[in-house]
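Undergrad: Chains as they are written, first to last, in the numbering used here: chain L, 1 to 397; chain W, 398 to 1149. In this text, a Cβ means the ideal position worked out from N, Cα and C, and glycines have one as well.
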Amino acid sequence: MVMTRGRGRGMRGGMMRPMGPGPHFGPKMKQFVPRLPFDMVLCESAFPRVKPAPDESAFTQALLKRNADLSPTPAEQAAVLNLVTKIQAVMDNLIVDPGNFDACVSSQIEEVRQVGSYKKGTMMTGHNVADIVVILKTLPTKEAVEALGKKVCDDLRSQEPQEVLVLTMLPNDRGFEISNSEATVRVLVTTIHQNLRKLDPELHLDQKILQSHLAAIRHSRWFEENAHHSTIKVLIRLLRDLRGRFEGFEPLSPWMLDLLAHYAILNNPSRQALPINSAFRRCLQLLAAGLFLPGSAGISDPCEGGNIRVHTAMTLEQQDLVCLTAQTLLRVLSHGGYKQILGLEGNSSIASEMSVWDGVVVSALEKAYEKPPERPPQDDDTDNMDADDDPMETTDN
Amino acid sequence: YTFEFHTATALPVYMQQTSQPAATVAAVKTTGNTWQTFKKPGTMQGKTQKPKAPPKPQQLHYCDVCKISCAGPQTYREHLEGQKHKKKEAAAKAGPTPSRHGASLRCELCDVTCTGADAYAAHIRGAKHQKVVKLHQKLGKPIPSTDPVVVGGTTKTSTTTAGATVGAKTTTSGAAATTGTLTAADGKKDDLKDDLLDLKEKDVEPVGQEYIEEIKNEEGKVISFNCKLCECRFNDPNAKEMHMKGRRHRLQYKKKVNPELVVEVKPSLRQRKVQEEKLRRQQPGLHQLREEMWRRREEERLLEEEERWYWEERRRYEEECEYLDWCRRYPRGPPGPPPMMPPGMPRPPFMPGMPPMMPMRRPDSSDDRHVLAKHAEIYPKEEELGAIQKIVSNTEKALKMVSDYLAEVDAPKEQQVKPKAKKEKEDDSKGEDDKKDGEKKEDGPPRMLKGVMRVGILAKGLLLRGDTNVQLVVLCGDKPTRTLLDRVADNLPKQLAVVAMEDKYDIQRVVEEAALVVQNIGEQRISVNVTLTSPIMREQLLHDGDSQVIAAKDPPDVLDKQKCLDALAALRHAKWFQARANGLQSCVMVIRILRDLCQRVPTWGPLNSWAMELMCEKVIASAGQHLSPGDALRRVFEALASGLLLPGSPGLLDPCEKDPIDAASPLSAQEREDITASAQHALRLIAFRQIHKVLGMDPIPPPKFQRGGRFTRKRRRDNSTGEGNDSEGGDGKKDKKEDGEDSKMDMDKETK
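1) Would you identify the three-state DSSP class for residue 291 of chain L, choosing helix, strand or coil?
2) Check whether the Cβ of residue 932 of chain W lies closer than 9 Å to any Cβ atom in chain L.
3) Measure from the C-beta of residue 982 of chain W to each C-beta in chain L and report whether the shortest distance is under 9 Å.
4) Where are the alpha helix (DSSP H) runs, 4 residues long or more, that stay fully inside the segment 79-144 of chain L, in chain order?
5) Can you find a CB in chain L that lies within less than 9 Å of the CB of residue 1157 of chain W?
6) If you compare alpha carbons, which of L:177, L:264, L:252, L:324 is closest to residue 314 of chain L?
7) Going by beta carbon distance, what residues of the same chain come within less than 8 Å of residue 24 of chain L, once the five residues before and after it are set aside?
8) In the DSSP assignment, what are the bridge partners of residue 1007 of chain W?
9) For residue 264 of chain L, does the count of other Cβ atoms within 10 angstroms reach 16, so buried, or fall short, so exposed?
10) May I ask you to list, following chain order, the residues of the segment 1024-1054 of chain W that have a beta carbon less than 9 Å from some beta carbon of chain A?
11) How big is the Cα-Cα spacing for residue 50 of chain L and residue 1044 of chain W?
12) Under 8 Å: do the segment 361-373 of chain L and the segment 323-341 of chain L share three or more Cβ pairs, one atom per stretch?
13) So with CB distances below 8 Å, who are the chain L contacts of residue 1058 of chain W?
14) Taking 9 Å as the CB-CB limit, is residue 271 of chain L close to chain W?
15) Is it buried or exposed for residue 349 of chain L, if we count other Cβ within 10 angstroms and need 16 for buried?
16) So the candidates are W:514, W:651, W:806; which of them puts its Cα closest to the Cα of residue 635 of chain W?
17) Cα-Cα, which of W:1024, W:1068, W:1088, W:1069 is closest to residue 36 of chain L?
18) Drop a sphere of 10 angstroms on the beta-carbon of residue 1054 of chain W, count the other beta-carbons inside from all chains shown, and report buried for 16 or more, exposed for fewer.
19) Determine, for residue 606 of chain W, whether the minimum Cβ-Cβ distance to residues of chain L falls below 9 Å.
20) Report yes if the C-beta distance between residue 976 of chain W and residue 604 of chain W is below 9 Å; otherwise report no.
21) Taking contact to mean 3 or more Cβ pairs, one atom from each stretch, closer than 8 Å, check whether the segment 52-65 of chain L and the segment 109-118 of chain L are in contact.
22) Which same chain residues, not among the five before or five after residue 288 of chain L, have their C-beta less than 6 Å away from its C-beta?
23) For the segment 1064-1080 of chain W, enumerate the residues whose C-beta is nearer than 8 Å to any C-beta of chain L, in chain order.
24) Three Cβ pairs or more, each shorter than 8 Å: is that satisfied between the segment 164-177 of chain L and the segment 194-212 of chain L?
25) Round the Cβ separation of residue 869 of chain W and residue 927 of chain W to the nearest angstrom and send it over; I've been treating them as touching at under 8 Å.
26) Name the chain W residues whose beta carbon is nearer than 8 Å to that of residue 369 of chain L?
27) Just checking my contact of residue 261 of chain L with residue 232 of chain L at CB under 8 Å: how many whole Å lie between their CB atoms?
28) Tell me the rounded alpha-carbon separation between residue 729 of chain W and residue 1100 of chain W.
29) So with Cβ pairs under 9 Å, would you call residue 283 of chain L a contact of chain W?
30) What did DSSP end up calling residue 322 of chain L once you bin it into helix, strand or coil?
31) Looking at chain L, which residues of the segment 612-628 of chain W have a Cβ within less than 8 Å of any of its Cβ atoms?
32) Note down, in chain order, every chain W residue with its Cβ under 9 Å from the Cβ of residue 320 of chain L.
33) What residue from L:218, L:360, L:119, L:245 has the CA that sits closest to residue 305 of chain L's CA?
34) Going along chain L, which residues have a C-beta under 7 Å from residue 1016 of chain W?
35) Are the C-beta of residue 47 of chain L and some C-beta of chain W separated by less than 9 Å?
36) Mind checking residue 394 of chain W: buried by the 16 CB within 10 Å criterion, or exposed?
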């Protein structure tokens, strides 16, 4: 008995998370089974079309045009490629011949990897930044990181003396950035797994940041294996653009967008990539149906064990905001407002204000989430049902 | 012997040409001589066969009558003395008994008679047959062809042995055999035709596959099938095929899904007698007999229907009450090892692996509790149900009597007008199927009023508290006219007075609605709308080619066409509902909740009930898993929130119409938009634990376990320390359980 109850309490303390939507949950996992929300694509057979689907070629063209506008120019691509190649070369040298480097800063490089939108091929124009993760064998003290930055920068300068003036190096709490006039490379520093436990917040970079850099490597590896389809890349670019223009989508992280795009395009009965217009609409439909709301199975992170649902990284308030923004935009889209959604016309007020489409009034939605009363601030994601428990707790004890 | 065997019992033996493995043919051919001896040792020769049997070192004790081998001499002797053997022996002596159905297929090898081609095929595939084949191979005995032997009813014809037919097999085809039969059986041609029809029945297209549910085990392997129409279960995929072609299934399909389906009639004993009589006498008096018979059947049907409805309603009510009760009593599951179901509600025996009607698997969430409580609030009280049941059943009885009265008044006049008699005779040979709606085949003068049906919320069981308006539909033999409406309305009060002497009813005719309204006079006024309609109204629409010709012949005072068509549609909707929504877990409950929502919230008002029901069924069924009431309701809102009603969506294809029609087509673009926006907000309210706002009720506090007993004390202490942990990131409502869920988890653990 005690054992079982102990377990129950553990769950209460947040161990619920691993109970994701595992495909084969046995009878033992009956307790909380999050459910995927309604998804038209998955149950198309139950909804045979009454009329043939409307012609969406104009919408598709608009999506493709927007994507073309968002993609980096060849010049940008060349510039960032150039800088990345040089830095990669310098880093590789440091791995092969650490002696020199070791002598001055006492840290060793285990591995260097390209990650992020540069690696995935989802970069956007005007944001010419590539990410590289450097895994150190040693503990990443702030001084060591800065020294590494200096060393890399010096090596670059020595290789190409003519660039001495334009090249800059800026250390930050994730690592350092090296920029020239056209491109920037963010070097994200982390350390090998074994070292993570030895970190001292006073001396070293923040553990959370280091872990996120390791996760970035997993993400780009997963992406390479699973999401190389070009439609996915186009959709990611479009979603990132959407996130940039509509405030309500701010809480969605790039990784959530990657997974959402992949899910929307490939998770269908035929396993064939959906066309971009259907996939774009499906993203809004999924979010509107509450894919990223409490109680939904959401998307479980393929790069973390234990079925962590990616949307749980957002607070409840943020989940509400993302959902309601998608719900409003979905209605605008279905009334023909795709130009406003893609930012080809108008502005982002359609998500928050009333608009009229062909005589139909589309109103914005209000938040549903309510902060529970009389609760300490850190409990902002519990709700008023729990608050109802309180009298009992206090009176009985 | 074989020859006599068959001739003695007067059984024609026909071979049907089917594809046959060459090996078998060869075997049969080479052993052509022994074929006779094989069939021969019918009765007492079993023992003499024994010494002959073992050509192999291993001694086989083979009983030729029963086609089995025994393990040793002892068991063999026992077998010979056994009941089973004796029976078979006697049967073999008497010769195969003519089967009940008149015609059937026989497997010579196993001496098994099958009622149809599919049953025969199943037998051939079956283990038993294969065992006998193996045994025969082992014994070196001849194996007759797997072609079936058609066994006719009682016809005397010259017979051919199976062996002979095998020899001539290339020349006989199924068709040839048929014609042969027909010419041979001159005397009893009709009987035989009947028999063949019986066989042909097995060639029908399978119907209603969509109602056969595959039951999968944990690994997702299909282990058995459940026919939702017939409420039966079977494991064999072949049985599934056969079931779908079967008469019983087809009748259910006709009854519940598509009334247009033609089901071959298997003449019942009485019908056969009637037919025989007819053949013997060929007298006009027969038709009176049939009229009589039909009337009786109609009466029985009405009675049965009423009873069924009543019990259905009772069962539903009790089930739900019990469930709610159970939820209230044991809000976190009953103490001790929790029964999956409330006490006294037996699990349906035929679905061991499936959840019962009500969601018992998972202790209900906060959403479930709210939905259940709301449902209990809107579900009609027993008095209400009783009052409605009373007026409806009285009206039905009275209408039945009106029908009798009209038939009586019209009878003499109608009898003179019988130009169609000849045509009807032709139909007769096919059998007089379904008197209920296949009236055209009816011999006598057609009744004006064919039957009364419940439609709408009454038929679907969607009555809510305060509902006082229910619908009945009267099917007329011909297009309903104003005159007919008047006649019914004039006669109905008299009949009502007979049926229910102590009650007073007020009857009004609403000609523009093609209806009359029966209202009771009392404190609680309930009105029953009785709409007159006729299937002919739609038939005309379906074959619109010659619609103008028929339209010209319309009586001048025919009732409003659209109203009549609406009534027919309502009938189809009710049938659809009973077939699809009734069995779906949580579906009816959610539809009731939404009905209440549509009545309560103006935004939802324009959503017509048929579209709403259709949508709920599709959305809940498409989940592919059983949903608790709370989850089912949430899923419906999810579907709406994702734009199910918005322009560009596939729409709600109406399964009860011939042309593709959106059931929600009456909704304007603005109404669709508003309902969607409202559903979107509702969905988020549900997700953030404010379902009570959606349902229009007060929040239900989480259950407190004063009575629960054993965990109570410790539980509280736990909570007081564990409360701080509750802040775990936005992990959703369920994560932040209220008190109940911990203990539920404990319950779960205990059951393991």
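TA: Looking at the coordinates:
1) For the purposes of this step, residue 291 of chain L is taken as the residue at position 291 of the first sequence. DSSP, reduced to helix, strand and coil, places residue 291 of chain L outside both helices and strands of the structure shown, so it counts as coil.
2) What you label residue 932 of chain W is simply residue 535 of the second sequence in a count that begins at 1. Closer than 9 Å: no.
3) Start at 1 with the first residue of the second sequence, and residue 982 of chain W comes out as number 585. No, because no Cβ of chain L sits closer than 9 Å to the Cβ of residue 982 of chain W.
4) For the segment 79-144 of chain L, whole alpha helix (DSSP H) runs of length 4 or above, ordered along the chain, are 98-105, 116-120.
5) Outside the displayed span of chain W (398 to 1149) sits residue 1157 of chain W, for which this structure offers no information.
6) For this step, residue 314 of chain L is matched to residue 314 along the first sequence. Ranking the options by Cα distance to residue 314 of chain L, first place goes to L:252.
7) Along the first sequence, one-based indexing puts residue 24 of chain L at 24. Note on residue 24 of chain L: pLDDT 41, under 50, position unreliable in the model; no value is reported.
8) The residue you call residue 1007 of chain W lines up with position 610 of the second sequence. Its beta-bridge partners do not exist; DSSP assigns none.
9) Position 264 of the first sequence holds residue 264 of chain L. With 16 or more other CB atoms across the displayed protein chains lying within 10 angstroms of its CB, residue 264 of chain L is buried.
10) The structure shown contains no chain A; its protein chains are L and W.
11) Translated into the one-based positions of the first sequence, residue 50 of chain L becomes position 50. Translated into the one-based positions of the second sequence, residue 1044 of chain W becomes position 647. Linking residue 50 of chain L to residue 1044 of chain W through their CA atoms gives a straight-line distance of about 12 Å.
12) Under the Cβ criterion (8 Å, minimum of three pairs), the segment 361-373 of chain L counts as touching the segment 323-341 of chain L.
13) Numbered from its first residue, the second sequence carries residue 1058 of chain W at position 661. Listed along the chain, the chain L residues whose CB falls inside 8 Å of the CB of residue 1058 of chain W are 50.
14) Here residue 271 of chain L refers to the residue found at position 271 when the first sequence is read from its first residue. It does not; no Cβ of chain W falls within 9 Å.
15) What you label residue 349 of chain L is simply residue 349 of the first sequence in a count that begins at 1. Residue 349 of chain L comes out exposed.
16) By 1-based counting over the second sequence, the position of residue 635 of chain W is 238. Of the candidates W:514, W:651, W:806, the one whose C-alpha sits nearest the C-alpha of residue 635 of chain W is W:514.
17) As a working note, residue 36 of chain L is residue 36 in the first sequence. Answer by Cα proximity: W:1024.
18) Working through the second sequence from its first residue, we reach residue 1054 of chain W at position 657. Per the 10 Å Cβ criterion, exposed.
19) Looking up residue 606 of chain W in the second sequence gives position 209. Closer than 9 Å: no.
20) Indexing the second sequence from 1 puts residue 976 of chain W at position 579. Indexing the second sequence from 1 puts residue 604 of chain W at position 207. Not closer than 9 Å, so no.
21) With the cut-off at 8 Å, the segment 52-65 of chain L and the segment 109-118 of chain L do not touch.
22) Against the first sequence, residue 288 of chain L aligns to sequence position 288. Here the set comprises 326, 327, 330.
23) Within the segment 1064-1080 of chain W, the qualifying residues are 1066, 1067, 1070, 1073, 1074, 1077, 1078, 1080.
24) Contact check between the segment 164-177 of chain L and the segment 194-212 of chain L: three or more CB pairs, one atom from each, fall below 8 Å, which counts as touching.
25) Taking the second sequence and counting its residues from 1, the one referred to as residue 869 of chain W is at position 472. Taking the second sequence and counting its residues from 1, the one referred to as residue 927 of chain W is at position 530. Confirmed, about 5 Å.
26) For this step, residue 369 of chain L is matched to residue 369 along the first sequence. Against chain W, the beta carbon of residue 369 of chain L has neighbours under 8 Å at 1081, 1085, listed in chain order.
27) Position 261 of the first sequence, counted from the start, is the residue given in the question as residue 261 of chain L. Position 232 of the first sequence, counted from the start, is the residue given in the question as residue 232 of chain L. The beta carbons of residue 261 of chain L and residue 232 of chain L sit about 5 Å from each other, so the pair counts as a contact at 8 Å.
28) As a working mapping, residue 729 of chain W is identified with position 332 in the second sequence. As a working mapping, residue 1100 of chain W is identified with position 703 in the second sequence. For residue 729 of chain W, the predicted model reports a pLDDT of 37, less than 50, meaning its position is unreliable; a value from the coordinates is still stated below. Answer to the nearest angstrom: the Cα atoms are 8 Å apart.
29) Taking the first sequence and counting its residues from 1, the one referred to as residue 283 of chain L is at position 283. At a cut-off of 9 Å between beta-carbon atoms, residue 283 of chain L makes no contact with chain W.
30) One-based indexing of the first sequence puts residue 322 of chain L at position 322. Residue 322 of chain L: helix per DSSP, three-state reduction.
31) From the segment 612-628 of chain W, only 615 have a Cβ closer than 8 Å to chain L.
32) For this step, residue 320 of chain L is matched to residue 320 along the first sequence. Here the neighbours are 1081, 1084, 1085.
33) Sequence index remark: in the first sequence, residue 305 of chain L carries index 305 (1-based). It is L:218.
34) To locate residue 1016 of chain W, count along the second sequence from 1; it is residue 619. Those within 7 Å of residue 1016 of chain W in chain L are 38.
35) Stepping through the first sequence from its first residue, residue 47 of chain L is reached at position 47. Residue 47 of chain L has a beta carbon lying within less than 9 Å of a beta carbon in chain W.
36) It is not possible to answer for residue 394 of chain W, since the shown part of chain W is limited to 398 through 1149.
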